[in-house]
Amino acid sequence: MLQFMRKHAKFFYVFFFLVIISFIFFYIGPIDENTNPVLVEIGEEKIYLDEYWRTYDRLRDYYRQLYGDKFDEKMEEKLDLKNMTLDTLIQERLLLLKAREMGITVTDKELQEAIMNEPAFKRDGVFRRDIYLRILELNRMSPRYYEAIKRRELTLRKINFLVQDTVDISDIDLVGFNDNKEFINTIKNAVLSEKRQKVLEAFVGAIKNEIRVKVHRELIE
521 MLQFMRKHAK FFYVFFFLVI ISFIFFYIGP IDENTNPVLV EIGEEKIYLD
571 EYWRTYDRLR DYYRQLYGDK FDEKMEEKLD LKNMTLDTLI QERLLLLKAR
621 EMGITVTDKE LQEAIMNEPA FKRDGVFRRD IYLRILELNR MSPRYYEAIK
671 RRELTLRKIN FLVQDTVDIS DIDLVGFNDN KEFINTIKNA VLSEKRQKVL
721 EAFVGAIKNE IRVKVHRELI E
């Protein structure tokens, strides 16, 4: 499994930038941009060092939960978690900038539905505003701040689907495999994921050619 993830780590990037936002309840307040060095400059946008380390910690915690005692320093090095974190944040910011340019937006209704369907804010299957406000308070977040993060997540989902959903897989991709339907479906999904990720990588690469990206890598070495 580790060898597979090392080889195909990029296939998980689009998943990771959604995971990053879904870990919002482990995030303690907004970053003070005045006291943190700038790690990455993407056009006029900036990624701050504190944001990077918090994201890195969340990804490391994700792998620790996934692998348990098997996750150690050696596995962390093989996964190249530092560069994975950096690439994930850059990709996320580039996609958000492109979404803005393309006019991709999230309506207030879409945002409201997403929040009301969040399991953390429900009791007995019903959204509870008092629970919503209490959870945000415990995590030192205002509704306005949380809603901005949630809107960003939904925007990322939209542009991701727009780019990747045009990709399909033909029967020729599966020539040579046996008639085991479960096995074929597993292979089909893997090949489809690979194709979609390549399309996304090409799309992000094209954005990089349009927008200047400057990384102060010495801050994390």
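Residue numbers (my numbering): 521 to 741.
Here a beta-carbon is modelled for each residue, glycine too, at the ideal position from N, C-alpha and C.
Q) Given R613, which residues of its chain have a CB within under 6 angstroms of its CB, disregarding the five upstream and five downstream residues? A) If we look at R613 and ignore the five residues flanking it on each side, its Cβ neighbours are I562 and E565.
Q. V560 and V733 look like a contact to me (Cβ under 8 angstroms); what is the Cβ gap, rounded to whole Å?
A. 7 angstroms
Q) Which residues bound the alpha helix (DSSP H) around K715? A) K701 to E730
Q: Return the bridge partner residues of Y666 from the DSSP annotation.
A: Answer is none; Y666 lacks a bridge partner.
Q. Quick one: is K718 near chain C, going by C-beta distance under 9 angstroms?
A. Going by chain labels, chain C is absent from the structure shown, which holds only one protein chain.
Q) Is it right to say F681 is buried, meaning 16 or more other beta carbons lie within 10 angstroms of its own, or is it exposed? A) exposed
Q) Across which residues does DSSP place V558 in a beta bridge pair? A) Y568
Q. Do the stretch 594-614 and the stretch 572-586 touch if we need at least three Cβ pairs shorter than 8 angstroms?
A. yes
Q: State the CB to CB distance for the pair L656 and V626, rounded to an integer number of angstroms; the pair is presumed to be in contact (CB under 8 angstroms).
A: That belief does not hold up - the Cβ atoms of L656 and V626 are roughly 19 angstroms apart, past 8 angstroms.
Q: Determine the burial state of I704: buried for a count of at least 16 other Cβ atoms within 10 Å of its Cβ, exposed for fewer.
A: So I704 ends up on the exposed side.
Q. What number of angstroms, rounded off, separates the C-alpha of L606 from the C-alpha of K708?
A. 30 angstroms
Q: Please report the residue range of the alpha helix (DSSP H) in which K594 lies.
A: E593 to L599
Q: My understanding is that I669 touches A619, with C-beta atoms under 8 angstroms, so please give their C-beta distance in whole angstroms.
A: About 15 angstroms; that fails the 8 angstroms criterion.
Q. Helix, strand or coil: how does DSSP classify V683 here?
A. The answer is helix: DSSP assigns V683 an H, G or I state.
**Q.** Which of helix, strand or coil DSSP assigns to R648
**A.** coil
Q: Find out if the Cβ-Cβ distance for the pair I651, A640 is shorter than 9 angstroms.
A: yes
Q | Extent of the continuous alpha helix (DSSP H) run through K629 | A | D628 to M636
**Q.** Where R643 falls, given that 16 or more other Cβ within 10 Å makes a residue buried
**A.** Exposed.
Q) Are L616 and R672 touching if we call contact CB-CB under 9 angstroms? A) yes
Q.
Mapping the DSSP letters down to three states, classify F543 as helix, strand or coil.
A. With a pLDDT of 47 at F543, under the threshold of 50, the predicted position of this residue should be treated as unreliable, though the coordinate-derived value follows. DSSP places F543 outside both helix and strand once states are collapsed to three, so it counts as coil.
Q) By a C-beta neighbour count over all protein chains shown, 10 Å radius and 16 as the cutoff for buried, is L658 buried or exposed? A) exposed
Q. Using the rule of at least 16 other Cβ atoms within 10 Å of the residue's Cβ for burial, across every protein chain shown, is R611 buried or exposed?
A. Residue identity differs from the one stated: residue 611 is Gln in this sequence, not Arg. By the neighbour-count rule (16 or more Cβ atoms within 10 Å), Q611 is buried.
**Q.** K734, enclosing beta strand (DSSP E) - first and last residue
**A.** V733 to V735
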